[in-house]
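To keep things clear, I will list the structure first and then write my remarks on it.
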Amino acid sequence: MAGPQELFDLFIRRVEDYAVYMLDPGGHVVTWNLGAERIKGYTTAEILGKHLSTFYPPEDRHKAAEALRTAAETGHFEGEAWRIRKDGTRFWGLVSLTALRDDAGELKGFAKITRDLTERKRAEEGLRATQLKYELLMAGVKEYAVFFMDTEGRVIDWSPAAERLLGYSQAEILGRHLRTFFPPEQHGPGGTPEVVLKAAAAKGSTEEESWHVRKGGDLFWGSGITSALRDETGRLKGFAKVLLDRTEKKRTEEALRDADRRKDEFLAMLAHELRNPLAPIRSGLDLLRMEGVDSETVEIMSEQVGHVVRLVDDLLDVSRILRNKVDLKRTPVELAEVVRRAAETVRPMTEAEGQAFSVSLPDEPVWLDADPVRLAQVLSNLLTNASKYTEPGGRITLTAERRGGEAVIRVADTGIGIDPDLLPHIFELFTQSERSIDRSQGGLGIGLTVVKSLVEMHGGTVTARSDGPGRGSEFAVRLPTIESPTPAAAGGAPHDPASDALRILVVDDNVPAATLLSRILSKLGGYDVRSAYDGAAALEAAERLRPDLIFLDIGLPKLDGYEVARRLR
Ligand code: ADP
């Protein structure tokens, strides 16, 4: 069995984590262990007799002698430094050198122990670099306030930009809660700071935009990202928050929204104000026509007024749609009926242009739950466009068919077509292709916006396609169909053939409009026509006259048209 000394020698030789070896008094290697071989890369045979300085980087070679001298003089030398392996690579060594003297005090050599601490060194350096980067980041980001919080949401570190944005110095703010930066109404449970911390802890990070408070009470619109910080085991260690002042952007957005709303209101008012005088002008022209006054002039004026009326109606519609003020009066409608009505309105236009206009309807009736007036408006808008954007002599077709639970109505033309760049935007408000200088086609670029909104209000879709300029266009409207209703439900007031001398009451607070309409009706002959100019007068006149027919304006002073109708019933 081996004695203790033998075991000790074995231990020294076999130890792998430490290089343990001996040097002669001159500093030359005389023993070598496994750890030394592993760390420095030399076998025993290679290294015996070599000088200690072999392990020093060239620039430090002279330090080997210094170390030896120190050890010889003081008994010991210790230090940390870069050393060199056989292959030329470096390692960070923790070294100790101990002088060995005999009983007489004569120097016999040195014991040398070296540890490779490269890994620890690297980790430390990494940490220092991280710390440095962190400090640079905190100081460097100028626009973004950055701060750190503990798990409760109390500030533990604060960047210069946070100081600038929020007004508190680091000393003032440490230990204060995130809610310090929010208005008091947000401080309770369910307020933004609490919600933000909870969401960050749950999801890792969360974004929020809201009003924040600076020191002194000023508000600013802050856009922030809050992130949860966790250690390797996943335990929550705190939060980091990055915050940016977006007050300018917020104010700009609000100003834009405000301007947009005022534009919508202005459009609505403009359309309304333009519409009012148009009704009597139109009636006046009708009257002149009936009286046989210079019919050609009247025709031209009527046509032009008709054009203005269409523009104003479009404007009125789009402003109602923009403000969600359109109510559909839905009822079971037969598709063919609506198509016929729309076709009638464009027939004069296609005839004037010498365009071939054909309509193809399904054999079986197709029923829709729709507002017949609005639906006819959709189709006549599409047909009017088809005619407007097709040269004289071109072809326009409307085909309606049933496809499963859908009615598909296609309006196709052989006209100027649509540029592929314009196509994706064609249904947007005020979108128009480039116009010829004379703007002979007129229009405000709102017709298709109205079409799309109305179709969607009916639960349908509308799409446009074109093979490009000069190759015609096709618009397809798809609407959900319903089962055919019972005959009674299908609309259409029964006609009463017995009455031919009707008593008519015209109610409108627009006096010229009421007057002219009354005069036209009288001119048509055989009617007893009276007018009233407000709701109360209308009720009184109705009481007296017992009219067969009432033309009743809705917007009336005193009692509105709805109320008058309700009381009459
Ligand atoms: P408007 O006709 O008043 O300009 P619309 O909203 O009805 O407004 O149409 C928008 C634009 O779409 C038109 O200006 C035109 O450039 C294009 N467009 C619409 N229908 C057609 C069509 N059938 N063929 C070619 N271009 C069309």
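Okay, so the sequence shown: first residue is 0 according to numbering that gives the first Met the number 0, each after it adds one. Ideal Cβ placement from N, Cα and C applies to all residues, glycine included.
Residue i: buried (16+ other C-beta within 10 angstroms of its C-beta) or exposed?
{"i": "Arg-89", "result": "exposed"}
{"i": "Ala-541", "result": "buried"}
{"i": "Leu-235", "result": "exposed"}
{"i": "Phe-7", "result": "exposed"}
{"i": "Thr-250", "result": "Going by the sequence as given, residue 250 is Arg instead of Thr. Counting Cβ neighbours within 10 Å, Arg-250 comes out exposed, since fewer than 16 surround it."}
{"i": "His-424", "result": "exposed"}
{"i": "Phe-146", "result": "buried"}
{"i": "Asn-380", "result": "buried"}
{"i": "Ile-320", "result": "buried"}
{"i": "Pro-168", "result": "At residue 168 the sequence reads Ser, which differs from the Pro that was named. With fewer than 16 Cβ atoms within 10 Å of its Cβ, Ser-168 is classed as exposed."}
{"i": "Val-292", "result": "exposed"}
{"i": "Ser-318", "result": "buried"}
{"i": "Asn-323", "result": "exposed"}
{"i": "Ser-294", "result": "exposed"}
{"i": "Glu-473", "result": "buried"}
{"i": "His-211", "result": "buried"}
{"i": "Lys-240", "result": "buried"}
{"i": "Tyr-143", "result": "buried"}
{"i": "Lys-111", "result": "buried"}
{"i": "His-306", "result": "exposed"}
{"i": "Ile-299", "result": "exposed"}
{"i": "Asp-552", "result": "buried"}
{"i": "Glu-184", "result": "exposed"}
{"i": "Phe-181", "result": "buried"}
Using DSSP with H/G/I as helix, E/B as strand and the rest coil, what is residue i?
{"i": "Lys-214", "result": "coil"}
{"i": "Tyr-167", "result": "coil"}
{"i": "Lys-49", "result": "coil"}
{"i": "Arg-100", "result": "strand"}
{"i": "Ile-172", "result": "helix"}
{"i": "Glu-207", "result": "strand"}
{"i": "Tyr-17", "result": "strand"}
{"i": "Leu-367", "result": "strand"}
{"i": "Ile-445", "result": "coil"}
{"i": "Arg-477", "result": "strand"}
{"i": "Val-140", "result": "coil"}
{"i": "Lys-85", "result": "coil"}
{"i": "Arg-402", "result": "strand"}
{"i": "Asp-244", "result": "strand"}
{"i": "Arg-438", "result": "Per-residue confidence for Arg-438 stands at a pLDDT of 46, beneath the threshold of 50, marking its modelled position as unreliable; the derived number appears in the next sentence. Three-state result, Arg-438: coil."}
{"i": "Pro-57", "result": "helix"}
{"i": "Gly-125", "result": "helix"}
{"i": "Asp-412", "result": "strand"}
{"i": "Thr-430", "result": "coil"}
{"i": "Asp-115", "result": "strand"}
{"i": "Pro-419", "result": "coil"}
{"i": "Ser-158", "result": "coil"}
{"i": "Val-563", "result": "helix"}
{"i": "Arg-274", "result": "helix"}
{"i": "Tyr-181", "result": "A small correction: the amino acid at residue 181 is Phe; Tyr does not occupy that position in the sequence shown. Of the three classes helix, strand and coil, the one that applies to Phe-181 here is coil, per DSSP."}
{"i": "Gly-34", "result": "helix"}
{"i": "Glu-252", "result": "helix"}
{"i": "Glu-333", "result": "strand"}
Excluding the 5 residues flanking residue i on each side, which residues of the same chain have their C-beta closer than 6 Å to its C-beta?
{"i": "Asp-149", "result": "Ile-155 and Gly-237"}
{"i": "Leu-397", "result": "Val-358 and Val-410"}
{"i": "His-61", "result": "none"}
{"i": "Leu-453", "result": "Arg-373 and Val-377"}
{"i": "Gly-534", "result": "Leu-555, Lys-557, Leu-558 and Val-563"}
{"i": "Ser-301", "result": "Leu-284"}
{"i": "Asp-115", "result": "Ile-38 and Phe-90"}
{"i": "Glu-206", "result": "Ile-224"}
Return the chain-ordered list of same chain residues with a C-beta closer than 8 Å to the C-beta of residue i, the five sequence neighbours on each side being excluded.
{"i": "Asp-547", "result": "Ser-498, Leu-501, Arg-502 and Ile-503"}
{"i": "Lys-85", "result": "Lys-39, Gly-40, Tyr-41 and Glu-45"}
{"i": "Glu-336", "result": "Pro-371"}
Just to confirm my understanding: we take residue i, look at its own chain, exclude 5 residues before and 5 after, and list those with CB closer than 7 Å. What are they?
{"i": "Asp-244", "result": "Leu-164, Phe-219 and Gly-221"}
{"i": "Arg-13", "result": "Leu-33"}
{"i": "Arg-274", "result": "Val-311 and Leu-315"}
{"i": "Lys-49", "result": "His-27 and Val-28"}
{"i": "Asp-328", "result": "What sits at residue 328 in the sequence shown is Lys, not Asp. Excluding positions up to five away in sequence, the list reads Asp-370."}
{"i": "Leu-334", "result": "Val-365, Leu-367, Ala-399 and Ala-406"}
{"i": "Asp-23", "result": "Val-29 and Gly-108"}
{"i": "Ser-450", "result": "Residue 450 is actually Val in this sequence, not Ser. Result list for Val-450: Val-377, Asn-380, Leu-381 and Val-461, in chain order."}
{"i": "Leu-51", "result": "Leu-22, Gly-26, Ala-63 and Leu-67"}
Only counting runs of 4 or more residues, tell me where the alpha helix (DSSP H) segments fall wholly within the stretch 278–327, in order along the chain.
DSSP runs (the alpha helix (DSSP H)) wholly in the stretch 278–327: 294–321.
Scan the stretch 487–561 and note each continuous alpha helix (DSSP H) run of 4 residues or more that stays entirely inside, going in chain order.
510–523 and 534–544
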